[in-house]
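S.K.:
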Amino acid sequence: MGFVGGGDFAALYSCLLVCIATLLSLCQAGMQQAEYRYPFIKAASSWRGSVAEFDYIIVGGGTAGCPLAATLSRNYSVLLLERGGTPFANSNVSFMHNFHIALADTSHTSPSQMFISTDGVFNSRARVLGGGTCINAGFYTRADQRFIKSVGWDEKLVNESYPWIEDQIVHEPEVTQWQEAVRDGLLEIGVSPFNGFTYDHKYGTKVGGTIFDRFGRRHTAAELLASANPDNLRVLVHATVEKIVFDTTGEKARGVGVIFKDEKGMRHRAEVSRTPKSEVIVSCGAIGSPQMLMLSGVGPKAELQRLNISVVVDNAFVGKGVVDNPLNTIFVPTNGPVNQSLIQTVGITKLGVYIEASMGFGQKSDSIQWDHGIASAEIGQLSTIPPKKRTHEAIRAYKANKRSLPHEAFKGGFILEKIAKPLSTGEITLKNRNVDDNPSVTFNYFSHPGDVARCVDGIRLVEKLLKSRPLAKYAEMDIQTEERLLNMSVRASVNLIPRHTNDTNSLEQFCKDTVLTIWHYHGGCHVGKVVDRDYRVLGVEGVRVVDGSTFYDSPGTNPQATVMMMGRYMGVKMLRERLGEAAGV
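For what it's worth, the working numbering labels the leading residue of the sequence shown as 2, then goes sequentially.
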């Protein structure tokens, strides 16, 4: 056996270092490719100082922004600016079993940005390419026909736009036993007929679509960018738009570009081309779009002047009339282990409420020791800490003691009751001029007596569901009475609303005190008040709003299908207005 000489050893060592460096470089390139997936997606800091001109600048790469950008890019140059990162290499976004962890992540890099409404309800807004489709429960269902007619959409184009989404990212779920039990229970108590698996909104009980595939992997609106013309689309992530730039020299102010900052804090300016058809399109969602308009000088004059924001258009309606569909839940303990399922079955009643169900958390057996943050999406053990005592010290103590909780606390399912078309409305106002901060949000849950009455009807329906034979095989109904289940739900709800001693004696009080969100908030840029029927912002030129902030009602039982469809619909409509049938979409 020979020996390696000093020179040979040095050569080998040098070769080894080169190999390691090459492997690290390949790994880094692979990780970057996984993170960005498509060649037209770059970090905002890649912007190299030139103003550059685009036919369209879209602010917000969310549920509507992604399909809108993909569609417009077929014929025109598009710059899509998203304040968050990408979902592609984030396991908390990509996999169903991590659904609650993404929502519980309160870090500044989280795809979910938590906010607490002035009502005292924990809520979240998306901060990631793909928007709410990256952090929601995945349920996919179309709007009812009355909604389509009320917003004035062309039904033929609507029926062409929904399948464009469905063919790319929507799946039929493998219905779990718990969802089957809820389905059969709903039918037993009269929420009929059974409409089978369908995307359509029909009275009765149905199984809807999902953006999770059979392996539990999520497919988001960001994947719709695969349909874009890569030569015409540029997507910048970690690009936080601070305001729209207006040219105020004409009779009407015109949107000509945006100011945005990259992930390193450097500011940049991007502009649209100086043609009459070029536009800045705001797709920041029901919280972000009113905030963006106000930060840009479009909103209530007094509020803008209070923050020294130059007034471009005095519009008292910006940020007004926002609505969040109230959600109340009843936790149902089960008599054994359960498989995780999010929303699959829905009961569409004629009482003005929807009944849905979820079950289980996809955590490992030791995950009871995990830290899921102050906004834990579990059943709400934090509510055992009185609201005024929820200091950081108390939260740390809660986390330290979490492992002593019984594992049974992490088993079971929820019956969800959602008000279909709430009559209670609120508002969004600016706290400051920092776009990174949440604005002040008030929903005024259950301020209208009609919402309270419908909630009571819905809870009574849930009580009937709990007594149905199909649920009896799962729920420990022989041990837990209805009142005890209501009491458990009172204790489990994570909000900052003080509890009342008569919560379970008064269903009206139960509804008010245990209200939660299902993240279906909408409004703030209503048609006829902030935008016209084509979603052009009133009082200015070259700016539109395309997202759920324009809605008076939340479409269907769950809005994501219609918000994605809206992005595709408006993209096609705008192309056809410019090119006619030659648009080829």
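Think of the CB as a built atom: it goes at the ideal place given N, C-alpha and C, for glycine as much as any other residue.
1) For V159, which of K422, T563, G581 has the nearest alpha-carbon?
2) Helix, strand or coil, according to DSSP, for R219 in the structure here?
3) Go to E167, then tell me how far its alpha helix (DSSP H) extends in each direction, as first and last residue.
4) Between the alpha carbons of K432 and A223, how many angstroms are there, rounded?
5) Does the beta-carbon of A308 have 16 or more other beta-carbons within 10 angstroms, so that it is buried, or is it exposed?
6) Taking the alpha carbon of S342 as the reference point, which residue from T518, Y77, V238, Q180 has its own alpha carbon closest?
7) Looking at the structure shown, is Y37 part of a helix, part of a strand, or coil, going by DSSP?
8) Going by C-alpha to C-alpha distance, which of V273, E243, P556 sits closest to G266?
9) Going by DSSP, name the residue or residues bridged to Q114.
10) N340: buried (16+ other C-beta within 10 angstroms of its C-beta) or exposed?
11) Would you report the Cα separation of S95 and C135, rounded to the nearest angstrom?
12) Which of the three DSSP states is assigned to T119 in this structure?
13) For R268, report the span of its beta strand (DSSP E) as first-last.
14) By a C-beta neighbour count over all protein chains shown, 10 Å radius and 16 as the cutoff for buried, is P112 buried or exposed?
15) By DSSP's criteria, K43 is part of a beta bridge. Which residues make up the other side?
16) Drop a sphere of 10 angstroms on the beta-carbon of D437, count the other beta-carbons inside from all chains shown, and report buried for 16 or more, exposed for fewer.
17) What three-state label does DSSP hand Q382 in the structure shown?
18) Count the CB pairs spanning the region 507-521 and the region 447-467 that are closer than 8 Å, and state whether there are at least three.
19) Measuring alpha carbon to alpha carbon, tell me which residue in C67, V152, R84 is nearest R569.
20) Mind pulling the beta strand (DSSP E) runs of 3 or more residues that sit fully within the region 519-560?
21) Mind checking whether Y163 and V324 have CB atoms under 8 Å apart?
22) Can you tell me whether DSSP reads T107 as helix, strand or coil?
23) Excluding five sequence neighbours on each side, which residues of the same chain lie with their C-beta closer than 6 Å to the C-beta of L188?
M.R.: Taking the definition as stated:
1) As a first step, residue 159 is located in the sequence shown; it is residue number 158 there, counting from the start. The residue with the shortest Cα to Cα distance from V159 is T563.
2) Within the sequence shown, the letter at position 218 stands for residue 219. Here R219 sits in strand by DSSP.
3) One-based indexing of the sequence shown puts residue 167 at position 166. Where E167 is concerned, the enclosing alpha helix (DSSP H) stretches over 156-170.
4) In the sequence shown, residue 432 corresponds to position 431, counting from 1. In the sequence shown, residue 223 corresponds to position 222, counting from 1. Looking at the two C-alpha atoms, the distance is approximately 30 Å.
5) As a position in the sequence shown, residue 308 is number 307, starting the count at 1. Ala is not the amino acid found at residue 308; the sequence shown has Leu there. Exposed is the call here.
6) Here residue 342 is taken as the residue at index 341 of the sequence shown, counted from 1. Nearest C-alpha to S342: Q180.
7) On the sequence shown, residue 37 is found 36 positions in, with the first residue counted as 1. In this structure, Y37 counts as helix in the three-state DSSP scheme.
8) As a first step, residue 266 is located in the sequence shown; it is residue number 265 there, counting from the start. Of V273, E243, P556, the residue nearest in Cα terms is E243.
9) For the purposes of this step, residue 114 is identified with residue 113 of the sequence shown, where counting begins at 1. Beta-bridge pairing links Q114 to R126.
10) Translated into positions along the sequence shown, residue 340 becomes position 339. So N340 ends up on the exposed side.
11) As a position in the sequence shown, residue 95 is number 94, starting the count at 1. As a position in the sequence shown, residue 135 is number 134, starting the count at 1. Rounded to whole angstroms, S95 to C135 spans 8 Å at the Cα level.
12) As a first step, residue 119 must be located in the sequence shown, where it is residue number 118. Coil.
13) Looking up residue 268 in the sequence shown gives position 267. That run of the beta strand (DSSP E) goes 268-273.
14) Along the sequence shown, one-based indexing puts residue 112 at 111. With 16 or more Cβ atoms within 10 Å of its Cβ, P112 is classed as buried.
15) Counted from its first residue, the sequence shown places residue 43 at position 42. In DSSP, K43 forms a bridge with L237.
16) Residue 437 sits at position 436 when you count from the first residue of the sequence shown. Exposed is the call here.
17) Stepping through the sequence shown from its first residue, residue 382 is reached at position 381. Residue confidence for Q382 is low, a pLDDT of 38 falling below 50, so the modelled location carries little weight; the figure read from the coordinates is stated next. Q382: helix per DSSP, three-state reduction.
18) Because the criterion of three Cβ pairs below 8 Å is met, the region 507-521 and the region 447-467 touch.
19) Position 568 of the sequence shown, counted from the start, is the residue given in the question as residue 569. Checking every option, the nearest Cα to that of R569 belongs to C67.
20) Complete beta strand (DSSP E) runs here, min 3: 544-546.
21) Taking the sequence shown and counting its residues from 1, one reaches residue 163 at position 162. Taking the sequence shown and counting its residues from 1, one reaches residue 324 at position 323. No, the Cβ-Cβ distance between Y163 and V324 is not below 8 Å.
22) Taking the sequence shown and counting its residues from 1, one reaches residue 107 at position 106. In this structure, T107 counts as coil in the three-state DSSP scheme.
23) Within the sequence shown, numbered from 1, the residue matching residue 188 stands at position 187. So the qualifying residues of the chain are F195, T206.
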